[in-house]
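> Here this note's numbering is used: position 7 in the sequence shown is 52, and no number is missing along the way.
Glycine residues also receive a C-beta, built at the ideal position from the N, C-alpha and C atoms.
Attaching a single structure in structure tokens format; questions to follow.
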Amino acid sequence: MKKMMNLKKGIAVLLTAVIAVSGFAISNVYAAKAIETSTKCTVSVNVADLNDGDNADPDRAYNTAQLSSAEFSVNLYKVANVSESAVYTLTDKFKGVTDVDGKEITELSSVTAEEWINIVEKASSIVNPITVHGSDPVQKPAPDYTLEVVGGKGSIDSVAVGLYLVVVPDVETATEIYTFNNYLIQLPYVTGSWVLKDGEYVFEGEDEWNYDVALNWASKYERTERLTGIKIEKTVDKFNTSMNQTSFVYSIVAEKNYSVDPENPNMVKVFDDVRAIDFSQAGTQSIVVDKIPAGSVVTVKEVYTGATYEIAKDTSDVVKLDALTAISKADDYPVARFENTYNDKLVGNGTAVVNTFTKGETGWEWSSSAKVTDQANGGDEEPSNEENPDQTNEGNLQ
Numbered sequence: 046m047k048k049m050m051n052l053k054k055g056i057a058v059l060l061t062a063v064i065a066v067s068g069f070a071i072s073n074v075y076a077a078k079a080i081e082t083s084t085k086c087t088v089s090v091n092v093a094d095l096n097d098g099d100n101a102d103p104d105r106a107y108n109t110a111q112l113s114s115a116e117f118s119v120n121l122y123k124v125a126n127v128s129e130s131a132v133y134t135l136t137d138k139f140k141g142v143t144d145v146d147g148k149e150i151t152e153l154s155s156v157t158a159e160e161w162i163n164i165v166e167k168a169s170s171i172v173n174p175i176t177v178h179g180s181d182p183v184q185k186p187a188p189d190y191t192l193e194v195v196g197g198k199g200s201i202d203s204v205a206v207g208l209y210l211v212v213v214p215d216v217e218t219a220t221e222i223y224t225f226n227n228y229l230i231q232l233p234y235v236t237g238s239w240v241l242k243d244g245e246y247v248f249e250g251e252d253e254w255n256y257d258v259a260l261n262w263a264s265k266y267e268r269t270e271r272l273t274g275i276k277i278e279k280t281v282d283k284f285n286t287s288m289n290q291t292s293f294v295y296s297i298v299a300e301k302n303y304s305v306d307p308e309n310p311n312m313v314k315v316f317d318d319v320r321a322i323d324f325s326q327a328g329t330q331s332i333v334v335d336k337i338p339a340g341s342v343v344t345v346k347e348v349y350t351g352a353t354y355e356i357a358k359d360t361s362d363v364v365k366l367d368a369l370t371a372i373s374k375a376d377d378y379p380v381a382r383f384e385n386t387y388n389d390k391l392v393g394n395g396t397a398v399v400n401t402f403t404k405g406e407t408g409w410e411w412s413s414s415a416k417v418t419d420q421a422n423g424g425d426e427e428p429s430n431e432e433n434p435d436q437t438n439e440g441n442l443q
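Structure below.
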């Protein structure tokens, strides 16, 4: 039987806020029938449905694909028992979880949005207690039920009726980390939702208790990209010792595809930086560029080759690296290799400057890695030897 109930607008606004915080509609007691306390409930997850509702994730397809690729757990902690008449009593484990006034929770309809926030926070602190430095670790309570999600789906039955805190440990995929907010679910619950009609919030729902719950986490998680890095390796086969130092400068640009449609990629620039490698003799040197989002395609371009150097034969000034995997050890980073040789054209100083801008409390701050001392006029012209007529332009090679 369909059921519609009017509610004072102020209380309805609070309950709407509760739904936004908890991620699940904690309904008032609208079902005419008593709760069958001996009936077991089923809780299920389908990550394809996690973003339904008004708060649908704009990256839903991408996040669904990511979460479907991972195996993770959903833990249920029983916060309160429920009677046939829908009166809730806190379990011993959560006796300290009361609302802001310190009163016991009995009817969910009497709990305000502020009190629900307080309940979730306190229940979460019991589930994940903070250990004070220097003291013995605090024992974490075991979940009452654990739901395993594989291939984007999972289900568990035989769950006793009551009020539960849902806790999802961080989910780590190949390129992302998903952090879920804790929230409460009511087992069983009354199907329905709050709608605004004629200036008043109205609850529309079924006059039946629902013992099967499909979890919905619309906008209840945050996505953090896993970071990794690359190496840039530079070889100089001959070095002009007349130059105290030569710098080679590289542009590093990373783009990441956030589309799951191979025909329509959505490449987004996620990293853009400039780095330099300084040489004072022939040989091979490398630098590490980290904090690049995993899954990125990285293009490294040599944008400055020093005043008297050029790209070696059969090599390129651009190296493109395939989508990065999440590697934590710098020794295992993929390598972009470059090789240069002395061009026998010019003697002079040739150093590069890498400007760095850092946003601080007072605004943007500028710093430079070196002073520009390039006296080569771009490396295309012969330098004047009027003051030292005996000087040659051949240089000293190492």
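What did DSSP end up calling I337 once you bin it into helix, strand or coil?
strand
> Taking DSSP's pairing of strands, which residues face A259 in a bridge?
Bridge pairing for A259: S89 [DSSP].
> In chain order, what residues of the same chain have a beta carbon less than 8 angstroms from the beta carbon of V334, not counting five sequence neighbours either side?
Closer than 8 angstroms at the Cβ level, and outside the excluded window around V334, lie G274, I275, K276, I277, I297, D318, R320.
> Roughly how many whole angstroms lie between the Cα atoms of N388 and A357?
10 angstroms
> With a threshold of 6 angstroms on Cβ separation, who are the neighbours of F383 within its own chain once the five nearest residues in sequence on each side are excluded?
K279, E347
> Leaving aside the five residues before and after F316 along the sequence, list all residues of the same chain whose C-beta is less than 8 angstroms from its C-beta, in chain order.
I297, V298, A299, K336, I337, P338, S341, V343
> Look up I201 in the DSSP assignment and say whether it is helix, strand or coil.
Residue state, collapsed to three classes: strand.
> Taking the continuous beta strand (DSSP E) assigned at I277, which residues delimit it?
272–281
> Residues in the same chain with beta-carbon distance under 6 angstroms from T39, minus the five sequence neighbours each way, listed in chain order, please.
Missing from the structure shown is residue 39; the chain here goes from 46 to 443 and no further.
> Are the CB atoms of I93 and S304 nearer to each other than 9 angstroms?
Strictly speaking, residue 93 in this sequence is Ala, with Ile absent from that position. No, Cβ-Cβ distance for A93 and S304 is not below 9 angstroms.
> Can you round the beta-carbon distance between V142 and A168 to whole angstroms, since I take them to be within the 8 angstroms contact cut?
5 angstroms
> Do L229 and V165 count as a contact pair if the criterion is CB distance below 9 angstroms?
yes
> Express the C-alpha separation of S325 and I222 in angstroms, rounding to a whole number.
42 angstroms
> Run through DSSP, which three-state label would K301 get?
strand
> Using the Cα positions of Q290 and T269, report the straight-line distance between them to the nearest angstrom.
40 angstroms
> Anyone know if the C-beta pair for Y234 and V204 falls short of 9 angstroms?
no
> Please confirm whether L192 and N120 have their CB atoms less than 9 angstroms apart.
yes
> Comparing C-alpha positions only, which one of P186, N126, D282 sits nearest to T360?
Of the candidates P186, N126, D282, the residue whose Cα lies closest to the Cα of T360 is D282.
> What whole-angstrom Cβ distance do I162 and F139 have, given they're in contact under 8 angstroms?
Between F139 and I162 the Cβ distance is about 16 angstroms, and since that is not below 8 angstroms, they are no contact.
> Among S118, I80, V313, K85, which residue has its Cα nearest to the Cα of N91?
S118
> So N285 and T353 are in contact, right, with Cβ under 8 angstroms, and what is the actual spacing, rounded?
Cβ atoms of N285 and T353 come within 8 angstroms of each other, at about 5 angstroms.
> Whole angstroms are fine: how far does the CA of L272 sit from the CA of T329?
26 angstroms
> Is it the case that the Cβ atoms of L232 and G199 are separated by a distance below 9 angstroms?
no
> Just reading off the beta strand (DSSP E) that A110 is part of, what are its end residues?
Note, A110: premise wrong, no beta strand (DSSP E); alpha helix (DSSP H) at 105–113.
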